[in-house]
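Q: Using this note's numbering, you'd call the opening residue of the sequence shown number 62 and step up by one each time.
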Amino acid sequence: MRTWLTNSSAYVIATFRIVIGFLFLCHGTTSLWAWPAEPYGGNTAEFGAWPGWWGAVIQVVCGAALIVGFGTRLAAFLGSGSMAYAYFWSHQADGALPIQNDGESAALFCWAMFVLIFIGSGALSVDRILERRRAAAADVAPATPGESELVDA
62 MRTWLTNSSA YVIATFRIVI GFLFLCHGTT SLWAWPAEPY GGNTAEFGAW PGWWGAVIQV
122 VCGAALIVGF GTRLAAFLGS GSMAYAYFWS HQADGALPIQ NDGESAALFC WAMFVLIFIG
182 SGALSVDRIL ERRRAAAADV APATPGESEL VDA
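1. Tell me the rounded alpha-carbon separation between GLY109 and ASP200.
2. Is ALA75 closer than 7 Å to GLY183 when the C-beta atoms are compared?
3. Between the Cα of VAL121 and those of ALA145, THR90, ALA106, TYR101, spot the shortest distance and give me the residue it belongs to.
4. Measure the alpha-carbon distance for TRP111 versus ARG63 and round it to whole angstroms.
5. Out of ASP188, LEU191, ASP155, LEU139, which one is the CA nearest neighbour of TRP172?
6. Assess, as a yes-or-no matter, whether the stretch 126–136 is touched by the stretch 147–160 under the definition of 3 or more beta carbon pairs within less than 8 Å.
7. Within 10 Å of its beta-carbon, does SER70 have 16 or more other beta-carbons around it, so buried, or fewer, so exposed?
8. Look up GLU99 in the DSSP assignment and say whether it is helix, strand or coil.
9. Measuring straight from C-alpha to C-alpha, what distance separates ALA117 and TRP150?
10. Within the same chain, show all residues whose beta-carbon is closer than 8 Å to that of GLU107, passing over the 5 residues directly before and after it, in chain order.
11. What's the gap between the Cα of PHE85 and the Cα of VAL187?
12. What would DSSP say about MET144, mapped onto helix, strand or coil?
13. For the putative contact between GLY164 and TYR148, defined by C-beta atoms under 8 Å, what is the C-beta separation to the nearest angstrom?
14. Exposed or buried, GLY82, counting other C-beta atoms within 10 Å across all chains shown (16 or more means buried)?
15. Give the DSSP-derived three-state secondary structure of MET62 in the structure shown.
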């Protein structure tokens, strides 16, 4: 059982990353384009307005990056930070706890992405493909001048 769990962990991490990315992307598209649902309050964010429009752009870009697993750690860092900002800027004034101030989604997104900073993208990601290509290129890279002389000595 333990071997199966260990062998499956990269795919579970990928599933977690994809779901979090999709939900984050949906928050951004809702705020920017009222799709797939109307945003809270019924109005989309005004172009360039701080922090609503910029937060939605971060949600769309970082959500898409998380879905495909490209720059996962950076996207998770930016997304986590934006959600921490949203929680303290928008929700904290209404109560000390997320259940009191309607900040559950901001807190959950913040911590879920914080975890992704440390665990990475898992399987099925652009990051993993790029990692493998770099490793393969390093294995077949030609020796630098003078390197073979050190080995022969």
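C-beta: ideal position from N, C-alpha, C; glycine also. Nothing here was measured: the structure is a model prediction, and the numbers come from that model.
A: So, from the listed chains and residues:
1. Each residue's CA atom was taken as its position, placing GLY109 and ASP200 some 47 Å apart.
2. Yes, the Cβ-Cβ distance between GLY183 and ALA75 is below 7 Å.
3. Scanning ALA145, THR90, ALA106, TYR101 for the CA closest to the CA of VAL121 turns up THR90.
4. Rounded to the nearest angstrom, the gap between the Cα atoms of TRP111 and ARG63 is 48 Å.
5. It is LEU139 whose Cα lies nearest to the Cα of TRP172.
6. Verdict: no, contact absent.
7. By the 10 Å Cβ count, SER70 comes out exposed.
8. In this structure, GLU99 counts as coil in the three-state DSSP scheme.
9. One Cα belongs to ALA117, the other to TRP150, and the distance between them is close to 15 Å.
10. So the list reads GLY113, TRP114, once near-sequence residues are dropped.
11. One alpha carbon belongs to PHE85, the other to VAL187, and they sit about 19 Å apart.
12. It is helical.
13. Going by Cβ atoms, the distance from GLY164 to TYR148 rounds to 5 Å, so yes, they are a contact pair.
14. Buried.
15. Note: MET62 maps to coil in three-state DSSP.
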